[in-house]
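Colleague: Got a structure for you, written out below as structure tokens; questions coming shortly.
In my numbering, the protein residues as written are 34 to 391.
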């Protein structure tokens, strides 16, 4: 049995690495592609639907794909520290891989705008965490300026190695399906991931690993939808904190992915996101973070508008693990029922819940 050694070793021929590149890996990648069999009713059509669950990556999100390569290249270039702005997942990933590489990490986060699970990850990995009085876009402007002034490596998705690492998810989808899907659906925040997936699909197509290309579907939260609106959003707001971004760094890449593939970039409301978030958990047994569910929310929306004929192969990427933001799950779910420590009391409740008729 051959052990999985991480995505750099698996897809080395497609990545900008040499024998001199020190590989900093946590066995990221190789995430499950799960056939979703219980969602037809809410989608309104029978689709050949798959969920690419990136929450099984080491730090719990898709960011690890880009970070393994970005940190490896930073070390190759003798960098002693890395820096990023983050709504949470980038900081968690950067700090984990920096710890593995034994280099310093500095992360800037928007004050009060980050899920505690993600903040805890950055702190426990030893990152120097700075809370900025402003939003993500403000934090990103600051780290870009610091990157110009100091000998540190910026590891936001502006770093091209991040995009190269993240494109491997598209390779995996094709390897797991045995072909490219007809549609690839993704949440869109800073827009690096949809850019990366499209790059991956095009490279696999050029290498004749697949015979067709998918249409790329991207979904922003309605309160943070600059690409949909056609202009930056000054104060983005959404329950999906991972995509609460008003001026995406990879805006042009996302638009190119949409236009070149003949796809769509649309907005979904917080209510639509939460509906999909709960459906994924309750019907498919997968606990993803709220922003992840934008990919399914968008598919549901388009399906109800008549976009799909039925039977198409659609992959929705779930970008992060639900344990990163458990507070949202508690807010949108029913509270546990309280019961006396007595069998008859529990039976009485079960009669109502399960109609077992004890």
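In this text, a Cβ means the ideal position worked out from N, Cα and C, and glycines have one as well.
1) With a threshold of 8 Å on Cβ separation, who are the neighbours of residue 260 within its own chain once the five nearest residues in sequence on each side are excluded?
2) Taking the DSSP output, what are the residues bridged to residue 223?
3) Starting from the N-terminal side, write out each stretch of the beta strand (DSSP E) that is 3 residues or longer and does not extend beyond the stretch 316–383.
4) Only counting the same chain, and skipping five residues up and downstream in sequence, which positions put a Cβ closer than 7 Å to that of residue 294?
5) Tell me the rounded alpha-carbon separation between residue 310 and residue 53.
6) Identify every run of the alpha helix (DSSP H) within the stretch 193–267, keeping only runs that are complete inside it and at least 4 residues long; order them along the chain.
7) With residue 144 as the anchor, note down where its beta strand (DSSP E) starts and where it stops.
8) Where are the alpha helix (DSSP H) runs, 4 residues long or more, that stay fully inside the stretch 104–162, in chain order?
9) By a C-beta neighbour count over all protein chains shown, 10 Å radius and 16 as the cutoff for buried, is residue 342 buried or exposed?
10) Would you tell me roughly how many angstroms separate the C-alpha atoms of residue 60 and residue 84, rounded to the nearest one?
11) Going by beta-carbon coordinates alone, are residue 66 and residue 206 separated by less than 8 Å?
12) Going along the chain, which residues of its own chain have a beta-carbon closer than 6 Å to the beta-carbon of residue 194, five neighbours each way excluded?
13) What separation, rounded to the nearest whole angstrom, lies between the Cα atoms of residue 74 and residue 323?
14) Leaving out five residues before and five after residue 374 in sequence, what residues of the same chain have Cβ atoms less than 6 Å from its Cβ?
15) What is the DSSP secondary structure of residue 181, counted as helix, strand or coil?
16) I need the straight-line Cα distance from residue 48 to residue 69, nearest angstrom please.
17) Run through DSSP, which three-state label would residue 299 get?
Modeller: Let me spell this out:
1) The residues are 221, 224, 251, 253, 281, 284, 287, 288, 298.
2) The secondary-structure analysis by DSSP pairs residue 223 with nothing; it has no beta-bridge partner.
3) Listed in chain order, they are 346–351.
4) Result list for residue 294: 231, 246, 247, 248, 249, in chain order.
5) Distance between the alpha carbons of residue 310 and residue 53: 43 Å.
6) Those alpha helix (DSSP H) runs which fall completely within the stretch 193–267 and span 4+ residues are 193–199, 201–210, 225–239, 259–262.
7) Careful: residue 144 lies outside any beta strand (DSSP E) and carries neither H nor E.
8) Entirely contained in the stretch 104–162, the alpha helix (DSSP H) runs reaching 4 residues are, in chain order, 122–134, 149–157.
9) Exposed: under 16 other Cβ atoms inside 10 Å.
10) If I take the Cα positions, the gap works out to 20 Å.
11) Between residue 66 and residue 206, the C-beta spacing is below 8 Å.
12) Only 102, 103, 106 meet the Cβ criterion.
13) Cα to Cα, the separation comes out at about 21 Å.
14) Result list for residue 374: empty, nothing under 6 Å.
15) For residue 181, the three-state secondary structure derived from DSSP is helix.
16) Put simply, the backbone Cα of residue 48 is about 31 Å away from that of residue 69.
17) DSSP places residue 299 in strand when its eight states are reduced to three.
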